[in-house]
Structure formats: C-alpha cells, structure tokens
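Residue numbers (full-length UniProt numbering): 1 to 220. To start, the structure itself, in structure tokens.
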Ligand code: ADP
Ligand code: ADP
C-alpha cells in the first residue's frame, strides 16, 4: 500500500494549469522530496492531499483512502507542517501541544514533545512571543503528536537558522526511523537532499523527474 498515490492528477484554476497529469507514488517508509521553484504547484498538490483543493482530473489517496472522499480516516494518520502556519494568541507552547493532543485524542506527553523539538525551556511562555524559528519548532511539535504514519511538510526550512534546519532534519530522520513516511516540499535542492531517499521534480505543474538523488545526479 502506497503512503501517497497520485493518479494522473491535474488542477486547473481559471486560466492557470497548476498541475498537469502528475502521477507518482510515495512508498510507505520513504522520505520523499517534492522539489520545485515557486509557482510549480507544490502547495496545490499538498492542498489536495489535505482536501483543501479538489483535482480537476485524476485522484490522490493516502494509505488507500481517496483524499477527497475518506479524508478523515486518512487524516488521523497524518501530521502536517503547513507553509503559512501561525500560532494562537494567548496560548503557551505547552498549551499548543495539549491542543493537538486533545484534538487527536491521544495521550502523548507535551513536555516530551517540546523537548524533542528543542523548546522545552520555553514551554510556559506565550507562543506569540516566540521567534520565528521557535514558532516553527512548535508547529512541527504539533505535527508530531500521535506518532503520525505520514508527515507532510510544506517548505519546512523557511525561516529556520542553519542550526534549527539541521535539528529539524534530525527530527525527520528519527520520525522516519520509527516508521513514518516523510513528504517534504521545498524549492531548495540541498534541503531535500539532506533528508530524502527519493525526489520528484515539479516544473510548471509537470512532474519532470522522479528518482533517487544519486540517480538524478548521474543523469545530469
Ligand atoms: P508552489 O507551492 O510550488 O509555489 P502553488 O501550488 O502555490 O505553487 O501554485 C501553482 C500555480 O497555481 C501558480 O501559478 C499559482 O499562482 C496558481 N494558483 C495556486 N493556487 C491558486 C488559486 N487558488 N487560484 C488561482 N491560481 C492559483
Ligand atoms: P507558495 O509559496 O507555495 O507559492 P503561494 O503564496 O503561492 O504559496 O500561495 C499561498 C496560497 O494562496 C495557497 O493556498 C494558494 O493556493 C493560493 N494562491 C496562490 N496563487 C494564487 C492565485 N494566483 N490566486 C489565488 N490564490 C492563489
């Protein structure tokens, strides 16, 4: 069973073709990089996985569930780091993690999660006072709640300093080692390269290559 199965997916906005017959699978347990410049269609694809957008043609599924039909069943197995994330005014870091724990109905330890993302010491500060990098770690922590089988990260390194980006890669490797499939979108090859087994390259809505990093390099 593929973690993600995209079958001939197209998405057309009025005049803009955002995705053009994109067809690929992400195997369970893989770390997959979704690489492409701004405007290539990465967010459009992720929006479909999360059922925020519908394909004009084709279908996408997560662990065999069509994302536009049985969304909820699949979503319980998914952790998401959205691109335009924001923190809640008036809630501490710990309360953010508790919110994610309650909405997923699991019994994770919030402090253990804050520790993993490196902000345990700021657990009881207002998250609105966090730096951009800390806020991003917090949102990643929320995505890790409930040990998701699939982690979807949309441009996750934006706004992180090199140290924070390295720590995030380490967390993703740990998540993958525990069995999670990682789907990582980025416009920066080096970020994808450092984490991912395989990469799909998206250009103007078309998937122009899917290969291992080594395979892509040897075909250059
Ligand atoms: P990326 O995430 O790779 O930067 P996007 O998926 O955001 O790319 O955008 C792909 C293309 O689709 C762009 O040309 C963008 O302007 C267009 N697009 C995305 N969302 C919409 C929308 N809701 N309405 C119209 N055009 C859109
Ligand atoms: P990205 O950095 O991924 O390209 P964008 O800033 O293009 O993100 O898009 C942010 C949000 O706005 C997305 O949900 C996308 O669907 C929507 N969007 C992008 N381009 C357009 C557009 N031309 N018209 C309407 N909505 C758009």
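By construction, the Cβ of each residue, glycine as well, lies at the ideal position given by its N, Cα and C atoms. Bear in mind that the values here come from a model prediction, so they are computed numbers and not experimental data.
Residue i: CB within 7 Å of a non-hydrogen atom of ligand 1
i, result
"residue 16", "yes"
"residue 39", "yes"
"residue 33", "no"
"residue 43", "yes"
"residue 13", "yes"
"residue 215", "no"
"residue 36", "yes"
Exposed unless 16 or more other CB atoms sit within 10 angstroms - verdict on residue i
i, result
"residue 111", "exposed"
"residue 180", "buried"
"residue 143", "buried"
"residue 69", "exposed"
"residue 137", "buried"
Whole-number beta carbon distance between residue j and residue i, since they are thought to touch under 8 Å
i, j, result
"residue 133", "residue 161", "6 Å"
"residue 49", "residue 152", "6 Å"
"residue 63", "residue 149", "7 Å"
"residue 97", "residue 60", "About 29 Å separates the two Cβ atoms, so there is no contact after all."
Contacts around residue i, its chain only, beta-carbon distance under 6 Å, and the 5 residues preceding and following it disregarded
i, result
"residue 33", "184, 192, 196 and 199"
"residue 31", "176, 182, 195, 196 and 197"
"residue 122", "93"
Member of the options whose CA lies at the smallest distance from the CA of residue i
i, options, result
"residue 13", "212, 205 and 213", "205"
"residue 16", "56, 91, 106 and 6", "56"
"residue 4", "165, 67, 11 and 41", "67"
"residue 167", "117, 186 and 189", "117"
"residue 58", "8, 119, 156 and 218", "8"
"residue 208", "40, 27, 2 and 28", "40"
"residue 187", "21, 36, 24 and 22", "36"
"residue 139", "219, 190, 19 and 91", "91"
"residue 45", "23, 28 and 27", "23"
"residue 80", "128, 47 and 163", "47"
"residue 21", "136, 211, 218 and 203", "203"
"residue 85", "135, 75 and 124", "135"
"residue 75", "97, 115, 159 and 104", "104"
"residue 158", "51, 38 and 115", "38"
Residue i beta carbon near ligand 4 (any heavy atom closer than 7 Å)
i, result
"residue 164", "For the structure depicted, ligand 4 is absent and the ligand set comprises only ligand 1 and ligand 2."
Close-in-space but distant-in-sequence residues of the same chain around residue i (CB under 8 Å, 5 per side omitted)
i, result
"residue 107", "101"
"residue 1", "28, 63 and 64"
Cβ neighbours of residue i in the same chain (closer than 7 Å, five flanking residues each side left out)
i, result
"residue 77", "63, 148, 149 and 150"
"residue 214", "none"
"residue 189", "35"
"residue 83", "43, 154 and 155"
"residue 19", "9, 10, 11, 41, 44, 45 and 205"
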